[in-house]
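Note sheet for the following structure.
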Amino acid sequence: MAARIANATRKLPVHLVLIFVAVLWMVPTLGLLLTSLMPADIIGSEGWWNLVSEPSKAAFENYDKLFDNNELTTALWVTVQVAVGNTVILVIVAALAGYAFAWLEFPGRDILFVVVIALLVVPLQVALIPIFSLYNTTGLFDTALGLMLFHVAFGMPFAIFLLRNFFVGIPKDILESARIDGASEMRIFFKLVLPLGLPAIASLAIFQFLWTWNDLIVALTFGRDTQPITVAIFSQLRQFGTNIELIAPASFVSLAIPLIVFLAFQRYFVQGLLAGSVK
Amino acid sequence: MAGVSAAPTRATVPDPQGSGTGRWRRQAVTALFLGPALIFLCVWLVYPTIRTLIRSFFDRSGSDFVFVDNYREIFTNETLLTAIKNNAIWVGVVPALVTAIGLIFAVLTERVSWSVAFKTVVFMPMAISLFAAGVIWHIMYEKTPDKGALNASIGVVRDAFKDDGVLAAANPSTPALRGSAERGFVLATPVRPGASALLGLTAIPPKEVPGGARQAATPAAGSDAISGTVWRDFRPGGGQPGRVEPDELGVPGATVELRDTAGRTLASRTTAADGGFVFESVDAGSYRVALAAKTFAAPYEGTSWLGPKLITPAVMIAYIWVWAGFAMVVIAAGLSAISREVLEAARTDGATEWQVFRRVTVPLLAPVLSVVFITMLINVLKVFDIVLSVAPGSSQDDANVIALAMWRTSFGGVNDFGLGSAIAVFLFLLVIPVLALNVRRFRREV
Numbered sequence: 153m154a155a156r157i158a159n160a161t162r163k164l165p166v167h168l169v170l171i172f173v174a175v176l177w178m179v180p181t182l183g184l185l186l187t188s189l190m191p192a193d194i195i196g197s198e199g200w201w202n203l204v205s206e207p208s209k210a211a212f213e214n215y216d217k218l219f220d221n222n223e224l225t226t227a228l229w230v231t232v233q234v235a236v237g238n239t240v241i242l243v244i245v246a247a248l249a250g251y252a253f254a255w256l257e258f259p260g261r262d263i264l265f266v267v268v269i270a271l272l273v274v275p276l277q278v279a280l281i282p283i284f285s286l287y288n289t290t291g292l293f294d295t296a297l298g299l300m301l302f303h304v305a306f307g308m309p310f311a312i313f314l315l316r317n318f319f320v321g322i323p324k325d326i327l328e329s330a331r332i333d334g335a336s337e338m339r340i341f342f343k344l345v346l347p348l349g350l351p352a353i354a355s356l357a358i359f360q361f362l363w364t365w366n367d368l369i370v371a372l373t374f375g376r377d378t379q380p381i382t383v384a385i386f387s388q389l390r391q392f393g394t395n396i397e398l399i400a401p402a403s404f405v406s407l408a409i410p411l412i413v414f415l416a417f418q419r420y421f422v423q424g425l426l427a428g429s430v431k
Numbered sequence: 019m020a021g022v023s024a025a026p027t028r029a030t031v032p033d034p035q036g037s038g039t040g041r042w043r044r045q046a047v048t049a050l051f052l053g054p055a056l057i058f059l060c061v062w063l064v065y066p067t068i069r070t071l072i073r074s075f076f077d078r079s080g081s082d083f084v085f086v087d088n089y090r091e092i093f094t095n096e097t098l099l100t101a102i103k104n105n106a107i108w109v110g111v112v113p114a115l116v117t118a119i120g121l122i123f124a125v126l127t128e129r130v131s132w133s134v135a136f137k138t139v140v141f142m143p144m145a146i147s148l149f150a151a152g153v154i155w156h157i158m159y160e161k162t163p164d165k166g167a168l169n170a171s172i173g174v175v176r177d178a179f180k181d182d183g184v185l186a187a188a189n190p191s192t193p194a195l196r197g198s199a200e201r202g203f204v205l206a207t208p209v210r211p212g213a214s215a216l217l218g219l220t221a222i223p224p225k226e227v228p229g230g231a232r233q234a235a236t237p238a239a240g241s242d243a244i245s246g247t248v249w250r251d252f253r254p255g256g257g258q259p260g261r262v263e264p265d266e267l268g269v270p271g272a273t274v275e276l277r278d279t280a281g282r283t284l285a286s287r288t289t290a291a292d293g294g295f296v297f298e299s300v301d302a303g304s305y306r307v308a309l310a311a312k313t314f315a316a317p318y319e320g321t322s323w324l325g326p327k328l329i330t331p332a333v334m335i336a337y338i339w340v341w342a343g344f345a346m347v348v349i350a351a352g353l354s355a356i357s358r359e360v361l362e363a364a365r366t367d368g369a370t371e372w373q374v375f376r377r378v379t380v381p382l383l384a385p386v387l388s389v390v391f392i393t394m395l396i397n398v399l400k401v402f403d404i405v406l407s408v409a410p411g412s413s414q415d416d417a418n419v420i421a422l423a424m425w426r427t428s429f430g431g432v433n434d435f436g437l438g439s440a441i442a443v444f445l446f447l448l449v450i451p452v453l454a455l456n457v458r459r460f461r462r463e464v
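Protein chains in written order, with my numbering: chain A, 153 to 431; chain B, 19 to 464.
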């Protein structure tokens, strides 16, 4: 008992430091949340921390206004479409390729795989100008589909890398016996590989969803009226930043959804992260 | 049956180069699996990269070949040079700092039972867009301490150590007093013990007279003392400057200093409600009496985080806030792979915690630390969103980085695709060494 108390007091500084850091890390997000709850008449003149001592001042009127604002609700809908749509496409296309790299024999396979990995570091800035021109001539400019396809492509190298490495780990015997039983590659892929690869696919899907939900540069370049939420907030921000009563709740909504996804699927997210960097 | 012939695997079927149709089928299946991905990679990555490279040698309109003119422009244009300089600062500061913070957090959090909660909190900003993180910090950085949390905290700390002056500003009522509110005032003529020093001030609005001020008066003092008054040398309907008259108020709380003729401060007093002060038991000689500048110390008005001078550090703080969690989680995973026995052995050998950390933990973690560092290096080279959302339009030139400069040149109104392409290629060249490193690392695994 005495030893335990001694141990606890010895660790007290560590606890205090970590509590301090944790609070420090939460304050900015809390600040945004409280700012978004401030009524329009005090938002420009008072600090958000006043709401902590006077919670009665908090009001949801900013959120009411936000959801009445057509531009911003449309933007949210565009974000959902792009984030979900591109994730689905990416998962299917990358899983097919990952399977090919893991279990199909074809000439130049390993070299091709290295090339795919090399593409991992192409900065997307390199593609902006040619794709801008391409989209203009093909009519993909300012469409949700155009944004989706761009995200799929730039998620591809990491996705193939992640899934191929996971699929390689599937026991060979399982695939062998399926083949001997006469199953086609397509059947093996859909009935065996996809279900077995679910953990990796989940990591990938969460990653890609968050990445595209949070994207600004792609949407800013290839959209004009088709605006995801980040771009919509950005254009509000440009109007001298006086409309903080709109920016704050919109920003909070835009980060609440990825935050929920992250908290719900934290395990997969961290797995994907470790696969991408430590492996 | 057909499945078997179409599906040679690495182990059991040693690629029999079988019948013509079998091989054809096999290739068709491979194409089906690989084709869509390759189309995406070719159309959206390979083709644009080549196209951008070519485009970078042409002028703005795209019709004239200008060879390296665009590249020369990168290194002569002032805005772009600022961007390169800023990005160099980013590269020099942020990856190292993020890795160090991640390491510290990972090591500390291992020692507490609530490490999962701590990791979740610190990691949370990773789920938020860099853009939204920028908005968050934009609010934190508001200049007026009434609105900006950061400046409010600085103000609180500052007030604990430094008092605001009792007056905002004032002028001397007669030429006998020299100086300014910023530097403080000093009486022009030296004062000897037994004499009194009159420090008359004007230009103090009635509502700025400190609370509790009474009719000004000079305290009586012995022949070895210097006494005097600091007062508002003004009364409605006139009065005579330089004389303490009825209806003129003292200035309480002012700081008066006694100095020797060389200007060294010997003693200081705070004035009473009637503005009076006394320096007792002063040695014979001549002295100067001064009204210290801190009487007029202005209240804290806030640091201009979003102004041109501090904008880059301000954006970096926001960026580190986002990425520290990433570094921590990756390093913590590496840490958990280190065998407990090695650490315990070092401890039983009498190593202090610091020695264990420095000589055992860090060397064993070196591969993980370098992965985090390199990842951050790539990220920092491409930093974009957060600069755009933290920096207000007026400081964006000062906060500029390469990726942002590329975008602004190409799409932000200038619309120079030639120069924009050149900047993009330049950015690409910067990440190629990292690319080489990555390929080597991945190849080992293939």
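Think of the CB as a built atom: it goes at the ideal place given N, C-alpha and C, for glycine as much as any other residue.
In three-state terms, what does DSSP make of Trp132 of chain B? If DSSP states are grouped into helix, strand and coil, Trp132 of chain B belongs with coil.
As assigned by DSSP and simplified to three states, the class of Ile244 of chain B:
Looking at Ile244 of chain B - three-state DSSP - the assignment turns out to be strand.
Let's see if you can read the secondary structure: which residues bound the alpha helix (DSSP H) around Asp250 of chain A?
Note that residue 250 of chain A corresponds to Gly in the displayed sequence, not to Asp. Residues 222-255.
As assigned by DSSP and simplified to three states, the class of Arg69 of chain B: In the structure shown, Arg69 of chain B sits in a helix (DSSP, three-state: H, G or I).
Any idea if Val86 of chain B is buried or exposed, counting beta-carbon neighbours within 10 angstroms, 16 or more meaning buried?
It is exposed - the Cβ of Val86 of chain B has fewer than 16 other Cβ atoms within 10 Å.
Report task. State the beta-bridge partners of Val209 of chain B as determined by DSSP. Result -> Bridge partners of Val209 of chain B: B:Tyr305.
Within-7 Å CB hit, Phe258 of chain A to chain B: Yes, because at least one Cβ of chain B sits closer than 7 Å to the Cβ of Phe258 of chain A.
Distance CB(Pro113 of chain B)-CB(Phe446 of chain B) smaller than 7 Å: Not in contact: Pro113 of chain B and Phe446 of chain B (Cβ atoms no closer than 7 Å).
* So is Ile281 of chain A in contact with chain B if we call contact Cβ pairs under 7 Å? -> With 7 Å as the cut-off, Ile281 of chain A counts as an interface residue toward chain B.
Within 7 Å, strictly: CB atoms of Leu218 of chain A and Trp200 of chain A: No; because the gap between Cβ atoms is not below 7 Å, this pair is not in contact.
**Q.** chain A contacts made by the stretch 103-131 of chain B, where a contact means CB separation under 8 Å
**A.** Listed by position, the residues of the stretch 103-131 of chain B near chain A (Cβ gap below 8 Å) are Phe123, Leu126, Thr127, Arg129, Val130.
- Is the Cβ-Cβ distance between Val244 of chain B and Phe203 of chain B less than 7 Å? Note on residue identity: the sequence assigns Ile, not Val, to residue 244 of chain B. Against a cut-off of 7 Å, the Cβ pair of Phe203 of chain B and Ile244 of chain B comes out as no contact.
### Query
Does the stretch 340-357 of chain A come close enough to the stretch 365-377 of chain A to have 3 or more Cβ pairs within less than 8 Å?
Between the stretch 340-357 of chain A and the stretch 365-377 of chain A there are fewer than three C-beta pairs closer than 8 Å, too few to call the two in contact.
Chain-order list of residues whose beta-carbon lies under 7 Å from that of Val347 of chain B (same chain, five-residue window excluded):
A distance below 7 Å between beta-carbons, with the five flanking residues on each side excluded, links Val347 of chain B to the following residues of its chain, in chain order: Lys137, Phe141.
- Query: Where does Thr96 of chain B sit, in a helix, a strand or coil, going by DSSP?
  - Reply: Note on identity: in this sequence residue 96 of chain B is Glu, with Thr being the wrong assignment. Under the three-state reduction of DSSP, Glu96 of chain B is assigned to helix.
At a Cβ threshold of 7 Å, is Trp62 of chain B touching chain A?
Interface flag for Trp62 of chain B against chain A is set, since a Cβ pair is found closer than 7 Å.
- Message: Among B:Ser79, B:Pro331, B:Val360, B:Trp132, whose alpha-carbon lies nearest the alpha-carbon of Lys163 of chain A?
- Response: It is B:Trp132.
Could you check what DSSP says for Phe297 of chain B in three-state terms: helix, strand or coil? In the structure shown, Phe297 of chain B sits in a strand (DSSP, three-state: E or B).
- Query: I think Val452 of chain B touches Leu395 of chain B, with their Cβ atoms under 8 Å apart; what is that distance to the nearest whole Å?
  - Reply: Cβ atoms of Val452 of chain B and Leu395 of chain B come within 8 Å of each other, at about 6 Å.
* Secondary structure of Phe83 of chain B, DSSP reduced to three states -> In the structure shown, Phe83 of chain B sits in a strand (DSSP, three-state: E or B).
Residue nearest to Gly240 of chain B in terms of C-alpha spacing, selected from B:Ser198, B:Val378, B:Phe295
For the residues B:Ser198, B:Val378, B:Phe295, the minimum Cα distance to Gly240 of chain B belongs to B:Phe295.
Let me check understanding here. Comparing Cα to Cα, which of B:Thr97, B:Tyr318, B:Val386, B:Phe123 lies closest to Phe172 of chain A? Taking only the C-alpha atoms, the option nearest Phe172 of chain A is B:Phe123.
- request: Please list, in chain order, all residues of the same chain as Leu455 of chain B whose beta carbon is under 7 Å from its beta carbon, the five residues on each side excluded.
  value: Only Ile392 meet the Cβ criterion.
Does Glu337 of chain A come within less than 7 Å of chain B when only Cβ atoms are used?
At least one chain B Cβ lies under 7 Å of Glu337 of chain A.
**Q.** Where the alpha helix (DSSP H) through Glu328 of chain A begins and ends
**A.** Glu328 of chain A -> alpha helix (DSSP H) spans 324-332.
Check: Distance, Cα to Cα, Ser299 of chain B vs Ala409 of chain B?
Finding: Spanning the two alpha carbons is a distance of roughly 59 Å.
**Report entry** Where the alpha helix (DSSP H) containing Thr290 of chain A begins and where it ends
**Finding:** Residues 277-290.
Check your understanding: From Trp42 of chain B to Trp363 of chain A, what distance separates their C-alpha atoms?
Key -> Near 39 Å, if we compare the C-alpha coordinates of Trp363 of chain A and Trp42 of chain B.
In whole angstroms, what is the alpha-carbon distance linking Ala106 of chain B and Leu276 of chain A? Their Cα atoms are separated by approximately 20 Å.
Leu219 of chain B bridges to which residues according to DSSP? Partner(s): B:Pro190, B:Arg250.
Next on the checklist: For Gly439 of chain A, would you say it is in contact with chain B, using Cβ-to-Cβ distances shorter than 7 Å as the test?
Outcome noted: No statement about residue 439 of chain A is possible, as the shown extent of chain A runs from 153 to 431 and does not include it.
Worksheet item: Anyone know if the C-beta pair for Gly120 of chain B and Ala336 of chain B falls short of 7 Å?
Response: In this structure, Gly120 of chain B lies away from Ala336 of chain B, with their beta-carbon atoms at least 7 Å apart.
Alpha carbon to alpha carbon, how far is Thr289 of chain B from Val269 of chain B? Their backbone Cα atoms lie some 7 Å apart in a straight line.
task = Name, please, each residue of chain B whose Cβ falls closer than 8 Å to the Cβ of Ser387 of chain A.
result = In chain B, no part has a C-beta under 8 Å from the C-beta of Ser387 of chain A; the shortest such distance is about 12 Å.
message = Less than 7 Å between the C-beta atoms of Thr236 of chain B and Thr247 of chain B, yes or no?
response = At a Cβ-Cβ threshold of 7 Å, Thr236 of chain B and Thr247 of chain B count as neighbours.
Q.
Measuring alpha carbon to alpha carbon, tell me which residue in B:Met158, B:Gln414, B:Ser79 is nearest Ser439 of chain B.
A. The option with the nearest alpha carbon to Ser439 of chain B is B:Ser79.
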